[in-house]
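Here the structure comes first, spelled out in structure tokens, and everything after it is commentary.
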Amino acid sequence: MKPEHREQIVKLLEQVVTNEITAKRAIDSWPNIDEEQDALIKSAWHELYHFYTDEDIRKKDAAYDQERREVISKFVQRIKMQTDN
């Protein structure tokens, strides 16, 4: 995977966590790549999609919303670590 795709993915996920963009916008902006080649990126995509589909639950439950944001933040950290290696 190209480094610029990883950087784009990290930026999108960070923007979702900080409410700068919606999960839908992040999904629509996701780079056109083969996630099957990278298990971590594939998992991050699935977590983002899960985050998008459970918006109604997150709106009702602030603790759950924070928990899901923390999960995405951990993906950001892991992707950054993988990029640094």
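If you read the sequence shown in our numbering, its first letter stands for residue 4, the second for the next number, and so on. A virtual CB, placed ideally from N, CA and C, is assigned to each residue, including glycine. What you are looking at is a predicted structure, and each value in this text was computed from that prediction instead of being measured.
Separation of residue j from residue i, as counted between CA atoms
i, j, result
"D59", "R28", "17 Å"
"Q69", "D37", "29 Å"
"N22", "L16", "10 Å"
"N35", "M4", "11 Å"
"D64", "I24", "20 Å"
Reference residue i, options the options, closest by Cα
i, options, result
"S46", "D31, R81, E23, K62", "R81"
"D57", "Q18, A26, N22, R9", "A26"
"V20", "K63, K5, F78", "F78"
"H8", "F54, W33, N22, H53", "W33"
"Y52", "D31, D64, A65, K63", "D31"
Close Cβ partners of residue i (< 7 Å) along its chain, the five nearest in sequence each way excluded
i, result
"K83", "V13"
"Y67", "I60, R61"
Same chain, Cβ closer than 8 Å to residue i, five either side skipped, listed in chain order
i, result
"P6", "T86"
"W48", "W33, E38"
Contact between the stretch 67–77 and the stretch 28–43 (3+ Cβ pairs under 8 Å): no
Minimum length 4: unbroken alpha helix (DSSP H) runs contained in the stretch 23–78: The DSSP assignment places 26–32, 42–56, 58–63 as complete runs of the alpha helix (DSSP H) inside the stretch 23–78, in order along the chain (cut-off: 4 residues).
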